[in-house]
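Have a look at the structure below, then the notes.
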Amino acid sequence: MGDSGKEMRNGNKGMKVGEKVRKGITYAGLGVWAVMVLFPFYWMILTSVKSYSEYNSEYVPKFYSNSPTMQNFLDAFSTVPLGRYLANTLLFTVITTAIMLFVVTLAAYGFARLSFPGKDLVFTCFLALMMIPNELVVITNFATITNLHMRNSFPGLILPSVTSVFYIYLLKENFAQVPDALYYAAKVDGTSDLKYLWKVMLPICRPTLITVGILKVIECWNSYVWPRLITDEEAYFLVSNGIQEIRENGFGRENVPAMMAAVVVISVPLVVLFLVFREKIMTGVSRGGTKG
Amino acid sequence: MEKNQYKGWLYLLPAALFLAAFLVYPLVDVFVYSMEEGYNFASQKSFGMGTYNFSYVLHDPYFLQAVKNTFLMVVITVPLSTGIALLISVGLSSITPLRKLFQTIYFLPYVTNTLAVGLVFMVLFKKTAYSDGLVNLLIGWFGGESVDFIDGPYPAKMFVMCLYVIWVVMPFKILLLTSAISSVNPNYYNAARVDGTSPFRIFYKITLPMISPTLFYLIITGFIGAFKEYSNAVALFGTDLNAAEMNTIVGYVYDMLYGDSGGYPSYASAAAIILFCIVLTITYINLTISKRHTYY
């Protein structure tokens, strides 16, 4: 960058070369990071199609496979309960997201549309809750769920993660943008609040709802800490715990190709979701998502 | 409107109930736990109140190891990841062809299960009896000595850990920085170009001040996130992090709560509160610094 700057001051002829060099360096740098990001994915797919004997005979790992096989994927589903992990995760994700959308929508509507004494105070309190770190509350939640005998059960997994103050805030802001006139018109027509929410608000705010839903799905699919605390029976494992279990007791430590097949199976759904909803996810995250 | 009074509360009720049960009550309870000495999870009884739990945790070698690991990780990953993300974002903003493609690729780690991809990193870096692993092969090409990055010496393990953390946190930073850079008013650039300002000077005098709020936001959240690092360590080194010498403070909290060394919610609470104090202090320092240097 410094060099090209000097050349820029030297006049037009120098600038062209400098510009080209700078472009070249930029693309090279960006390319390097792209390879860094993609390489683990390439390696995981490559390893997953190598046969057990092929993988273990390569003291020096090869960058390609001579005889790709799908056997590892069959093993991943038959030797370890990968199908069960996936089904559990799907169920957990769908139910959690559905309940969360319900709870969050009602609260956001309450804050945005209805007026009642103490509303602003309650809203401020809600916002203050955003600052509580999960690490502080997880200890008591673990005790609560244990005392309610809900360990190794779906309610135990789901209940603590069905509210999010941040999403309430996000939706409330969106709801508040809907013109008041619509609400009064509906009131004059005798529409109930709930019907107004369902028939008018939700369709108008659908993009935000979808964004919130997708972000929650990603969060659920990747959640690890809470499921690990609350489940120790394999029948209730989600994919993150499943993959840890596979690593420690699964195929036997040396069957790396089968392990990688499981990793591919776990990673594919979210990558597909991302490629389909790319814009939505990226704008959603830049509006205030954080990792983990 | 009078009719609405109770109805409004009704809409908030589900959210309020869940928040009270799983956020407010636990927040109070964790301080109670941390003060109860000799609390037994089975009988739910304790000897009395005091600060013994804190002194136990602060003298526990595992905790001190976890603190050391966490601080090292924070000091290494936060500046590196923010710096590289800034470089990449500036690069991304200066090109037009292939930009969308690069952006899509860079975002991929955000949507992948970090536990799963951690296994790939482990395979890449691990040295087994069957193979030295790919990274050691590359090291060999450059004439280096092969190292086991997963079960080997401490610096090697720390290196993989930091590399993986950076790999995982990068998408979020790149995304926020590129959108911050693209929202800078182009008139500033045009004016600077007319004056013949060098690109480096343009970056330093225009881009950097204009994106400083985003940059500081990323640094602050980066610190907080790095202090709470846990699952990435599990992804690389397995669930027994104490044995691998790679435990983090959050890992220590969970180990105390549950698992082979678990069953001590009081120690876990004390450790969690210590972590919270560390994070608060660091965030306060960050905010103070950022107030002095941020341009709005």
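Respectively, the protein sequence lines represent chains A and B.
For the first sequence, our numbering assigns the number 216 to the initial residue and increments by one for each residue that follows.
For the second sequence, our numbering assigns the number 237 to the initial residue and increments by one for each residue that follows.
Note that beta-carbon positions come from the ideal geometry of N, C-alpha and C, so glycine has one too.
Where residue i falls, given that 16 or more other Cβ within 10 Å makes a residue buried
| i | result |
| --- | --- |
| A:Pro276 | buried |
| B:Thr524 | exposed |
| A:Thr312 | buried |
| A:Phe338 | buried |
| A:Lys159 | Because chain A in this structure spans residues 216 to 507, residue 159 of chain A falls outside the shown range and cannot be described. |
| B:Lys409 | buried |
| B:Gly376 | exposed |
| B:Tyr269 | buried |
| B:Thr517 | exposed |
| B:Cys513 | exposed |
| B:Pro333 | exposed |
| A:Arg237 | buried |
| B:Phe473 | buried |
| A:Phe278 | exposed |
| A:Met223 | Per-residue confidence for A:Met223 stands at a pLDDT of 44, beneath the threshold of 50, marking its modelled position as unreliable; the derived number appears in the next sentence. A:Met223 should be labelled buried. |
| A:Glu448 | exposed |
| A:Asp395 | exposed |
| B:Gly380 | exposed |
| A:Asn470 | buried |
| A:Tyr274 | exposed |
| A:Thr423 | buried |
| A:Glu350 | buried |
| B:Tyr400 | buried |
Pair within 9 Å by beta-carbon distance, residue i and residue j
| i | j | result |
| --- | --- | --- |
| B:Thr318 | B:Leu454 | yes |
| A:Ala322 | A:Ile373 | no |
| B:Lys362 | B:Phe385 | yes |
| B:Tyr247 | A:Tyr324 | yes |
| B:Asn483 | B:Ala352 | no |
| B:Tyr466 | B:Tyr500 | no |
| A:Gly266 | A:Met475 | A small fix is needed here, since residue 266 of chain A is Ser in this sequence, not Gly. Not in contact: A:Ser266 and A:Met475 (Cβ atoms no closer than 9 Å). |
| B:Leu344 | A:Phe256 | yes |
| A:Ser330 | A:Tyr451 | no |
| B:Asn289 | B:Tyr503 | yes |
| B:Val405 | B:Gly458 | yes |
| B:Phe463 | B:Asn522 | no |
Contact set for residue i: own chain, Cβ-Cβ below 8 Å, skip 5 residues either direction
| i | result |
| --- | --- |
| A:Cys420 | Leu386, Asn389, Phe390 and Val393 |
| A:Val319 | Thr378, Ser379, Tyr382, Ile383, Leu386 and Val427 |
| B:Ser367 | none |
| B:Ser418 | Ser329 |
| A:Ser280 | Leu261, Val264, Lys265 and Glu269 |
| A:Met345 | Val380, Phe381 and Tyr384 |
Residues of its chain near residue i, where Cβ-Cβ distance is below 6 Å and the 5 sequence neighbours each way are ignored
| i | result |
| --- | --- |
| A:Leu485 | Trp436 |
| A:Thr308 | Val432, Cys435 and Trp436 |
| A:Ala477 | Ala291, Leu297 and Ile461 |
| A:Asn227 | Below a pLDDT of 50, predicted positions are generally treated as unreliable, and A:Asn227, at 49, falls in that range; no measurement from the model is reported. |
| A:Pro375 | Asn356 |
| B:Ala392 | Val383 and Phe385 |
| B:Phe283 | Glu273 and Gly274 |
| A:Gly371 | Ile360, Met365 and Ile445 |
Start-to-end residues for the alpha helix (DSSP H) that takes in residue i
| i | result |
| --- | --- |
| A:Gly530 | Nothing about residue 530 of chain A can be read from this structure; chain A reaches only from 216 to 507. |
| B:His295 | Tyr288 to His295 |
| A:Trp413 | Premise fails: A:Trp413 is in no alpha helix (DSSP H) and is neither H nor E. |
| A:Thr294 | No alpha helix (DSSP H) holds A:Thr294; DSSP gives it neither H nor E. |
| B:His529 | Pro501 to His529 |
| A:Tyr399 | Asp395 to Val403 |
| A:Arg493 | Arg493 to Ser501 |
| B:Met492 | Ile485 to Leu493 |
| A:Gln459 | Val454 to Asn464 |
| B:Arg335 | Arg335 to Val347 |
| B:Thr364 | From DSSP, B:Thr364 is part of no alpha helix (DSSP H); its letter is neither H nor E. |
Sequence-distant residues of its chain with Cβ nearer than 7 Å to residue i (five each side left out)
| i | result |
| --- | --- |
| B:Leu370 | Leu360 |
| A:Ser455 | Asn437, Ser438, Tyr439 and Pro442 |
| B:Ile438 | Tyr425 and Ala428 |
| B:His529 | Ser448 |
Residue(s) in a DSSP beta bridge with residue i
| i | result |
| --- | --- |
| B:Glu273 | B:Gly284 |
Residue i CB to nearest heavy atom of the ligand GDP below 8 Å
| i | result |
| --- | --- |
| B:Ala428 | As presented, the structure is devoid of all ligands, the ligand GDP included, so that no description of it is given. |
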